[in-house]
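Asker: Sharing a structure, written as structure tokens. Questions coming.
Number of protein chains: 2
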Amino acid sequence: MYDLLFSNISKHIILDEREAAIVQSLFKPRVLRKRQYLLQAGDISRFENFVTKGLLRAYTVDRDGDEHIAMFAMEGWWISDMFSFLTETPATQHIDALEDSEVLHIEKPDLEKLYREVPKFDRFFRILLQNAFVANQQRVIASISETAEEQYLNFIRKYPTLEQRIPHHQIASYLGITPETISRIRKQRL
Amino acid sequence: MYDLLFSNISKHIILDEREAAIVQSLFKPRVLRKRQYLLQAGDISRFENFVTKGLLRAYTVDRDGDEHIAMFAMEGWWISDMFSFLTETPATQHIDALEDSEVLHIEKPDLEKLYREVPKFDRFFRILLQNAFVANQQRVIASISETAEEQYLNFIRKYPTLEQRIPHHQIASYLGITPETISRIRKQRL
DNA sequence: AAAGGACCTTGATGCAGATCAAGAAATCAG
DNA sequence: CTGATTTCTTGATCTGCATCAAGGTCCTTT
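Those protein sequence lines, which keep their order, are chains Z and E.
If you want the numbering used here, it's the 1-based position in the first sequence plus 1484.
If you want the numbering used here, it's the 1-based position in the second sequence plus 1484.
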């Protein structure tokens, strides 16, 4: 299961054996059943998580009890409540498993140790965060400029795999539209 | 004008004199009149820009000719079309000055040189990008879960300075609502 | 100081998509 | 295998905000 992590890392930086051993020693595996929480809002997000199997989601719950999905994460993706992780304040997001899943996680003190002992991880995460920034910015633009139909069709074009694995109402919750609207869009398209 | 850049940098990393000299040699100043373009969609975004004076915006224009503001940047903030900058493909965003402004910019080859010669800049930008990621994610959640009124009130609470300096219709364009709606919200609040 | 923008307000009307409701189909747990 | 839950669909109705339109004020430029 560390293979996926190493192949992910090696896309951006090259590790020697000593460094790989450090990584292996700091990332701990964790298994999650479907529906199990990895993080509950109110708790402090103490881990950065790399998904090696399955599919997770991070979401907030508003006053009306409605869920709004901040992100999905499948194999090879990272997930956390980054604000809570950085500031060590209570999380506003829940993270749970949409399928039986496995993650490799690293605690904050260990991540700091990693940055200290293998500084090129600053570069690695800098690159990941650049990509995440771009993706998030595109999502903002889509959200303020596109119709429900455009957003949905672009979503399934961009993430065909996710669209197969996720119930439609979760996609709706990610896009900020209702399941009924998705249903009607699909009807008129088939 | 390099003072603001150095004080920004020193919030996250410490530079010795040699390193400061490298920074100073790689960042070039540029002056912009109000309404002047720093980047036009279609061109390749060749610079990462740090604002030392004034106020800029990045925005896209959709098929209907409507503008959607991706971000504002005032003194001490960074701005670019990051996707275009990273991939060296034509920009989808325009960047222009909302006030007479000054930026310090660095070209991509020089930024790569900076990473090579002063690797702690990987850390610096990693930290900036973490913060940007969090801010963007909160903006996405707001956009899919809040009413126009909530978004507007939270915006002026979060960015009181911007709200003073920017015409309302620009805020509307940032939030994905119309100037008329902002006008009506303000009416019923005063 | 005058003319032309840019910006803001207010009212009337329209509509995309939400909400409400209820049933059908698919999936899951025991 | 069976009841329960989750997911999806379809129709009827409602509503927040957009759109359209017009007038007023302020700011720039000459």
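For glycine and all other residues, C-beta sits at the position ideal for the given N, C-alpha and C.
All values reported here derive from a predicted model rather than from experimental measurement.
Express the C-alpha separation of phenylalanine 1605 of chain E and alanine 1554 of chain Z in angstroms, rounding to a whole number.
Answerer: The residue given as residue 1554 of chain Z occupies position 70 in the first sequence. The residue given as residue 1605 of chain E occupies position 121 in the second sequence. So the alpha carbons of these two residues sit roughly 29 Å apart.
Asker: What is the DSSP secondary structure of tyrosine 1643 of chain Z, reduced to helix, strand or coil?
Answerer: As a first step, residue 1643 of chain Z is located in the first sequence; it is residue number 159 there, counting from the start. Tyrosine 1643 of chain Z falls in the coil class under three-state DSSP.
Asker: For a quick check, are the C-beta atoms of serine 1529 of chain Z and serine 1568 of chain Z less than 8 Å apart?
Answerer: By one-based count along the first sequence, residue 1529 of chain Z stands at place 45. By one-based count along the first sequence, residue 1568 of chain Z stands at place 84. In contact: serine 1529 of chain Z and serine 1568 of chain Z (Cβ atoms closer than 8 Å).
Asker: So if DSSP puts arginine 1514 of chain E in a beta bridge, which residue, or which two residues, is it bridged to?
Answerer: Start at 1 with the first residue of the second sequence, and residue 1514 of chain E comes out as number 30. Answer by DSSP bridge pairing, in chain order: E/Val1587.
Asker: With burial defined as no fewer than 16 other Cβ atoms inside 10 Å of the residue's Cβ, what is the status of threonine 1708 of chain Z: buried or exposed?
Answerer: Any question about residue 1708 of chain Z goes unanswered here, given that chain Z covers just 1485 to 1674.
Asker: Of the choices Z/Gly1538, Z/Arg1547, Z/Asp1550 and Z/Asp1546, whose alpha-carbon is the least far from that of isoleucine 1563 of chain Z?
Answerer: Stepping through the first sequence from its first residue, residue 1563 of chain Z is reached at position 79. Nearest C-alpha to isoleucine 1563 of chain Z: Z/Gly1538.
Asker: Run through chain E and tell me which residues come within less than 7 Å of aspartate 1606 of chain Z, C-beta to C-beta.
Answerer: Position 122 of the first sequence holds residue 1606 of chain Z. Simply Asp1606, Arg1607 and Arg1610.
Asker: Measuring only between beta-carbons, confirm whether glutamine 1648 of chain E sits less than 8 Å from chain Z.
Answerer: As a first step, residue 1648 of chain E is located in the second sequence; it is residue number 164 there, counting from the start. No, glutamine 1648 of chain E lies away from the interface with chain Z (no Cβ there is under 8 Å from its Cβ).
Asker: In terms of residues, what are the limits of the alpha helix (DSSP H) holding alanine 1656 of chain Z?
Answerer: By one-based count along the first sequence, residue 1656 of chain Z stands at place 172. Run containing alanine 1656 of chain Z: 1652-1659, per the alpha helix (DSSP H) assignment.
Asker: When Cβ atoms are compared, which residues of the stretch 1485-1505 of chain E fall closer than 9 Å to chain Z?
Answerer: Within the stretch 1485-1505 of chain E, no residue qualifies.
Asker: Under 9 Å, CB to CB, which of the residues in the stretch 1545-1560 of chain Z have a partner in chain E?
Answerer: Those residues of the stretch 1545-1560 of chain Z that come within reach of chain E (Cβ to Cβ, closer than 9 Å) are Asp1546, Asp1550, His1552, Ile1553, Ala1554 and Met1555.
Asker: Is it the case that the Cβ atoms of histidine 1589 of chain Z and lysine 1512 of chain Z are separated by a distance below 8 Å?
Answerer: As a first step, residue 1589 of chain Z must be located in the first sequence, where it is residue number 105. As a first step, residue 1512 of chain Z must be located in the first sequence, where it is residue number 28. In contact: histidine 1589 of chain Z and lysine 1512 of chain Z (Cβ atoms closer than 8 Å).
Asker: Residues of chain Z with CB under 8 Å from glycine 1526 of chain E, in chain order?
Answerer: Indexing the second sequence from 1 puts residue 1526 of chain E at position 42. Those within 8 Å of glycine 1526 of chain E in chain Z number zero; the least Cβ separation is about 17 Å.
Asker: How close, in whole Å, do the beta carbons of leucine 1582 of chain Z and arginine 1641 of chain Z come, if the pair is a contact with beta carbons under 8 Å?
Answerer: The residue labelled residue 1582 of chain Z in the question sits at position 98 within the first sequence. The residue labelled residue 1641 of chain Z in the question sits at position 157 within the first sequence. At roughly 21 Å, the Cβ-Cβ gap does not stay under 8 Å, so leucine 1582 of chain Z and arginine 1641 of chain Z are not in contact.
Asker: Within the continuous beta strand (DSSP E) that includes threonine 1544 of chain E, where are the two ends?
Answerer: Taking the second sequence and counting its residues from 1, one reaches residue 1544 of chain E at position 60. Per DSSP, threonine 1544 of chain E belongs to the beta strand (DSSP E) from 1539-1545.
Asker: At 7 Å on the CB atoms, spell out the chain E contacts of phenylalanine 1567 of chain Z, in chain order.
Answerer: Residue mapping note: residue 1567 of chain Z aligns to position 83 of the first sequence, counting from 1. Chain E residues near phenylalanine 1567 of chain Z: Val1618.
Asker: Is there a C-beta anywhere in chain E that falls below 8 Å from the one on valine 1507 of chain Z?
Answerer: Locating residue 1507 of chain Z in the first sequence gives position 23, where the first residue counts as 1. Judged by the 8 Å Cβ criterion, valine 1507 of chain Z is not in contact with chain E.
Asker: Would threonine 1573 of chain E and threonine 1544 of chain E be called neighbours here (beta carbons separated by less than 8 Å)?
Answerer: Within the second sequence, residue 1573 of chain E is the residue found at index 89, counting from 1. Within the second sequence, residue 1544 of chain E is the residue found at index 60, counting from 1. No, they are not a contact pair.
Asker: Helix or strand or just coil, what does DSSP make of glutamate 1503 of chain Z?
Answerer: Position 19 of the first sequence, counting from 1, holds the residue named residue 1503 of chain Z. It is helical.
Asker: Under 8 Å, do tyrosine 1521 of chain E and aspartate 1584 of chain E count as touching if we go by C-beta distance?
Answerer: Here residue 1521 of chain E refers to the residue found at position 37 when the second sequence is read from its first residue. Here residue 1584 of chain E refers to the residue found at position 100 when the second sequence is read from its first residue. No; because the gap between Cβ atoms is not below 8 Å, this pair is not in contact.
Asker: Leaving aside the five residues before and after glycine 1549 of chain E along the sequence, list all residues of the same chain whose C-beta is less than 8 Å from its C-beta, in chain order.
Answerer: Along the second sequence, one-based indexing puts residue 1549 of chain E at 65. Cβ neighbours of glycine 1549 of chain E beyond the five flanking positions: none.
Asker: With DSSP as the reference, label glutamate 1551 of chain E as helix, strand or coil.
Answerer: In the second sequence, counting from the first residue as 1, residue 1551 of chain E sits at position 67. Strand, per DSSP.
Asker: Going by other Cβ atoms of all chains shown within 10 Å of its Cβ, with 16 needed for buried, is aspartate 1500 of chain E buried or exposed?
Answerer: In the second sequence, residue 1500 of chain E corresponds to position 16, counting from 1. Counting Cβ neighbours within 10 Å, aspartate 1500 of chain E comes out exposed, since fewer than 16 surround it.
Asker: Taking the alpha-carbon of arginine 1610 of chain Z as reference, which of E/Leu1489, E/Leu1570, E/His1653 and E/Glu1633 has the nearest alpha-carbon?
Answerer: As a first step, residue 1610 of chain Z must be located in the first sequence, where it is residue number 126. Per the Cα distances, E/Leu1570.
Asker: Do valine 1515 of chain Z and glutamate 1559 of chain Z come within 8 Å of each other at the CB atom, strictly closer than that value?
Answerer: For this step, residue 1559 of chain Z is matched to residue 75 along the first sequence. For this step, residue 1515 of chain Z is matched to residue 31 along the first sequence. Contact: no.
Asker: Can you check whether the C-beta of valine 1624 of chain Z is within less than 8 Å of a C-beta belonging to chain E?
Answerer: Against the first sequence, residue 1624 of chain Z aligns to sequence position 140. Yes, its Cβ sits closer than 8 Å to a Cβ of chain E.
Asker: Quick check on isoleucine 1628 of chain E - is its C-beta less than 8 Å from some C-beta in chain Z?
Answerer: Position 144 of the second sequence, counting from 1, holds the residue named residue 1628 of chain E. Yes, contact with chain Z.
Asker: Can you find a C-beta in chain E that's less than 8 Å from the C-beta of glutamine 1621 of chain Z?
Answerer: For this step, residue 1621 of chain Z is matched to residue 137 along the first sequence. Judged by the 8 Å Cβ criterion, glutamine 1621 of chain Z is in contact with chain E.
Asker: With distances taken Cα to Cα, identify the nearest neighbour of valine 1507 of chain E among E/Asp1527, E/His1496 and E/Tyr1486.
Answerer: Walking along the second sequence from the start, residue 1507 of chain E turns up at place 23. With distances taken between Cα atoms, valine 1507 of chain E lies closest to E/Tyr1486.
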